[in-house]
Amino acid sequence: MTAPAWPAAPARGRLPFAEAVRQRTLPNGARLFVLENHFNPTVAVSGGLHAGSLFAPSDRRLLASVTAGELAKGTERHTKLQIAEDLESRGISLSFSSDSSDPVGVDIGGAALSRDLDLFLDRLVEILRFPVFPDEELDKEKKRIVGSIRQQQDQTSARAYEAATRRIYPLEHPLRRRTGPERIAAVEALTRDDLVHFYQQRYGAGTLQLVVVGDVVAEEVFDALEKCLASWKAGPGCEIPTVPVPLEAPDQETIQMPDKANADVLLMEPADLTRPDPSYLACTLANSALGQSSLTSRLGVRVRDTEGLTYGIHSSFHAGHVAGPFVVSVTVRPASRDAAVASTLDEIARFLRTGLIEKELEDEKSSRIGKFKVDLASNAGIAQAIDSAVYYGFEIEYLDLFPTLVEAVTKEQADAAFSRRVHPEQFTIVSAGSFSKEGGRT
Amino acid sequence: MDSPAAAKADHTVLAGFDFVKEKSGIREFRLRSNGLRLLMIENRVAPVVTFAIVYHVGSRNEAVGYTGATHLLEHLMFKGTPDYNRERGTAIAAVLERLGARFNATTWFDRTNYYETIPSDRLEEAVKLEASRVRQSLLRDEDRQPEMTVVRNEFEMGENSPFQVLYKHSFATAFREHPYHHPTIGWRSDIEGMTTQRLREFYDAFYQPNNATALVIGDFEGTQALETVGRHFGSISSSPCPIPRVYTVEPPQEGERRFIVRRAGQVAWCALSWRTVEALHPDTHALAVLGNILGGGLTSRLYQALVEQNLTLSVMVVPWQLRDPGLLSVFSPVRPGVEPALVESTIRQELTRVAREGVTAAEVAKARTQIEAEVIFDRDSTDAIAASLSEAIAVADWEWYAQYPAAIQRVTSEDVRRVAEAYLHDDGLTVGLFMPKNGAGQTSSVEPEP
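Residue numbers (this note's numbering), protein chains in the order written: chain A, 22 to 463; chain B, 29 to 478.
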């Protein structure tokens, strides 16, 4: 049998983002971005506004996530079920969420077939602008959240993480996680008025950004969105209050949880790295060499590959608008905890002594640039990249410059940015699992 | 762009490949020298390409004593070949990281797959690397020892998850004779006790080019990609022995089965699983639509009956699609304070209602649209296509994959009612409960600083 000829390949290469991304800012502050990509009849949306837990009272940070989660539970025009029916019957996904790891933003995400673009955008704006927060839906959701918190309390990773944040962050810090019972009490006390009040205070066009990527015509998207967003109040502006980074102090905790075959260990310290920080790339390139991958980074090669003590070991800076912690997470069988922690600390100390090897830095740069390209391989990936750049205050051009910026990082910059922020002697070490009295003590 | 000469050359045997057929944008080739099958799909959504290789071996090919062999072998496949190893500074994962690849390997009942999504101009490096581990993996005992404990920790992580515990027990209870009985990760003592020699025998039996399918998906130059794969895979010999086949058949289930797992925990879980059919069976598509109607989103029947009524925290319906007859499963974590028995009876009532009264045409239309949309969204990225196609060729074949959307569109509400009646009956049911022991998760002790 003979093969038909291959179709002619279209010309390679794409326009620079700075040229391809169209922008329109509305008088009320809403910032809209569209990139046309006609390869597949789909459209992806990524965006958000500043209504995260940083803006909620410190004793009930979860007001932000509950408010975001309740937006789609009914509007002035449609019930929850009608909205769901409209979206699900067309295979449209649409979500509004506020993750405690990013105290600033509420994330908007979704995808649709491009033939359903009008309804997709219409419901998105309707949910944002006209939620009614029905009492009965909030009651149902509170019960579900309480159950989910109890479910989380069963997870060694969640227990270790929240305990570690309580040891390094003061009561009012937005990244401090309350205990399960405290969170349950806070959820149970929430009222519809709390949600309405928070919504009225924080939701508005002033901090809204929406990125639309896919098989669309930019001007049509701008016109459609402007038509339904133009009359929305501006609300609060984009100023983000400064959150002080607490002083470091070493600490330790073991959380005993029965019947857990696996234990989770976290080594954590507060760090001052934010995503817009000029040293972000240098610092995270160094971290990639230390612990981004369980298979290839130094921690992975030592603790997993050579010693076989863990399935997964990672280190990372939780850097957003608010500077989060530096975290090393390790999964272990409980009896191996001491050995895994000792090796981890030893490897980090060695890394700090010697710094990056030049070849490591070159490899990490190559990896970061390659991954950046691969992540841009879908409408959703492109939308998220544009959204993230804008959210952190970069110009669109940043996406075009990214490979050059990565290439420009020197060993000295990477070593300095990393060693300034990582101090093993200051780590708080928390483990959660079933530890015997004899073994597994750190 | 391909030159006219290159395009013309396509019409003959090229780079040692025979062209087999083309349908729905998928081209099948077969390497003359060793039987390796190659599937190619052009998708120029971005300048990236996914190269994947699927070995038609999974935990279905294991038995007592070496359960988990396929998975442990998958881990050892990253330990190196003569050309790619840590000693030479060319460890497999490190090479892929340098390329900026999104890569991994996974093992499941019917297959093992290795895949890497890379910038288009790095395709050859991925092809070369995968070709080297078809027959040249080092499989050293000194690598197996630490990797065994890595895998054991992966097993232990699974044991922490009530969902994973229930899924493993559900298959172990529903299947007594067929190897779907044992989990892909294996039983703990087999993971610990398996010898390197046993793993090598397994490797020699199944890691053969004539038991593998390579996939090239994305932005590539057709002729050039074919030559690249031919150049690196062409010299590998096919297996000296036939690939061992699985002949064990699970007999019909003749009555409801139940199990309970009692462990420390906060939340109970229910799992109900019914025996169904193999992926290639004509009822597969109606079962997929049924699964969507039962659990696909907020408007689905079980979400409305369970989550909206505050009986459970979520619900997941899985119409497993496997090479041999599988299951349709419902998993749901029970809201604290609710009796698991009430959740179980609610699920059973809802499914009985579907079997007795059928579903509406609107429900079927919605499910069909959702599945159609999923297929189109898949085409947004080369690795999503690779993932779906890998599963399809493991449990059926690529034509089944190509025809899937059309087959879903043909499903009627009567088909859905009929399959519900045919398969969701008590004699084919396995009920599993995860019951938390009291007082769990409450104790916490604080140790002094070191």
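Here a beta-carbon is modelled for each residue, glycine too, at the ideal position from N, C-alpha and C.
Could you check the C-alpha separation between isoleucine 321(B) and valine 382(B) for me, to the nearest Å?
-> 10 Å
Positions along the segment 329 to 351 of chain A whose CB lies within less than 9 Å of some CB in chain B = Gly329, Leu330, Thr331, Tyr332, Gly333
Do serine 110(A) and lysine 465(B) have their CB atoms nearer than 9 Å?
-> no
Neighbour list for aspartate 408(B) in chain A, Cβ cutoff strictly below 9 Å = Phe60, Asn61, Thr63, Ala65, Ala132, Gly235, Ala398, Ser399, Asn400, Ala401, Gly402
Quick one: is alanine 414(B) near chain A, going by C-beta distance under 9 Å?
-> no
Since glutamate 391(B) sits in a beta bridge, which residues does DSSP pair it with?
-> DSSP lists no partner for glutamate 391(B).
Go through the segment 199 to 237 of chain B residue by residue and report every complete run of the alpha helix (DSSP H) that reaches 4 residues or more, in order.
-> 216 to 221, 224 to 234
Out of curiosity, what's the CA-to-CA distance linking leucine 300(B) and phenylalanine 359(B)?
-> 7 Å
Run down chain B in chain order and give the residues with a C-beta less than 7 Å from the C-beta of serine 388(A).
-> Glu125, Arg126, Gly128
What residue from Gln173(B), Ala242(B), Tyr231(B) has the CA that sits closest to phenylalanine 45(B)'s CA?
-> Ala242(B)
Quick one: grab the DSSP three-state call for lysine 101(A).
-> helix
Whose C-beta lies closer than 8 Å to the C-beta of glutamine 470(B) among residues of the same chain, with five residues either side of it excluded?
-> Confidence at glutamine 470(B) is low in this model, with a pLDDT of 37, below 50, so its placement is unreliable and the value that follows should be read with caution. Taken in chain order, the list of residues that qualify is empty.
Helix, strand or coil at phenylalanine 456(A) according to DSSP, with G and I counted as helix = coil
What is the DSSP secondary structure of glutamate 203(A), counted as helix, strand or coil?
-> helix
Taking any Cβ of chain A, which residues in the segment 281 to 311 of chain B have a Cβ under 7 Å from it, in chain order?
-> Arg291, Ala292, Gly293, Gln294, Val295
Fully enclosed by the segment 430 to 454 of chain A, which alpha helix (DSSP H) runs are 4 residues long or longer?
-> 432 to 440
For isoleucine 104(A) versus isoleucine 166(A), is the C-beta spacing smaller than 9 Å?
-> no
In this structure, what does DSSP give as the bridge partners for lysine 49(B)?
-> Glu56(B)
Kindly confirm or deny that the segment 152 to 165 of chain A and the segment 210 to 228 of chain A touch, where touching means at least three C-beta pairs closer than 8 Å.
-> yes
Between serine 350(A) and glutamate 247(A), what straight-line distance do the alpha-carbon atoms span, to the nearest angstrom?
-> 45 Å
Can you list, in chain order, the stretches of the alpha helix (DSSP H) that have 4 or more residues and sit fully within the segment 64 to 112 of chain A?
-> 84 to 91, 101 to 109
Please go through the same chain and pick out, in chain order, the residues whose beta-carbon is closer than 6 Å to the beta-carbon of leucine 423(B), but skip the five residues on each side of it.
-> One detail in the question is off: residue 423(B) reads as valine in this sequence, not leucine. Within the same chain, valine 423(B) has close Cβ partners Asp138, Ala307, Gln349, Leu350, Arg351.
With DSSP collapsed to three states, give me the class of threonine 425(A).
-> helix
Since arginine 336(A) sits in a beta bridge, which residues does DSSP pair it with?
-> Looking at the sequence shown, residue 336(A) is not arginine but serine. Answer by DSSP bridge pairing, in chain order: Val349(A).
Who pairs with glutamate 290(A) in a beta bridge, going by DSSP?
-> Phe347(A)
Candidates Ala43(B), Pro147(B), His197(B), Arg228(B): closest to threonine 458(B) by CA position | His197(B)
Residue burial classification, glutamine 173(B) (beta-carbon count within 10 angstroms, cutoff 16) | exposed
From this set, Asp80(A), Glu379(A), Ala344(A), Val234(A), which residue's C-alpha is nearest leucine 56(A)'s C-alpha?
-> Val234(A)
To which residues of the same chain is arginine 45(A) closer than 6 Å at the C-beta, ignoring the five residues directly before and after it?
-> Leu53, Phe243
Kindly say whether glutamate 378(B), judged by its beta-carbon, lies nearer than 9 Å to any beta-carbon of chain A.
-> no
Would you kindly work out how many angstroms separate the C-alpha atoms of valine 392(B) and alanine 314(B), rounded to a whole number?
-> 9 Å
Name the residues in the segment 177 to 194 of chain B whose C-beta lies less than 9 Å from a C-beta of chain A; which are they?
-> Thr177, Val178, Val179, Arg180, Asn181, Glu182, Phe183, Glu184, Met185, Gly186, Glu187, Asn188, Ser189, Pro190
Chain A contact residues for asparagine 113(B), given Cβ-Cβ distances below 9 Å = Near asparagine 113(B) there are no residues of chain A at all, since even the closest Cβ is about 12 Å away, more than 9 Å.
For the alpha helix (DSSP H) holding tryptophan 426(B), just list the boundary residues, first then last.
-> 426 to 437
Assuming aspartate 123(A) contacts glycine 168(A) under a Cβ cut-off of 8 Å, what Cβ separation, rounded to an integer in Å, is found between them?
-> Contact doesn't hold; Cβ gap of about 24 Å is too wide.
Min CB distance arginine 150(B) to chain A below 9 Å | yes
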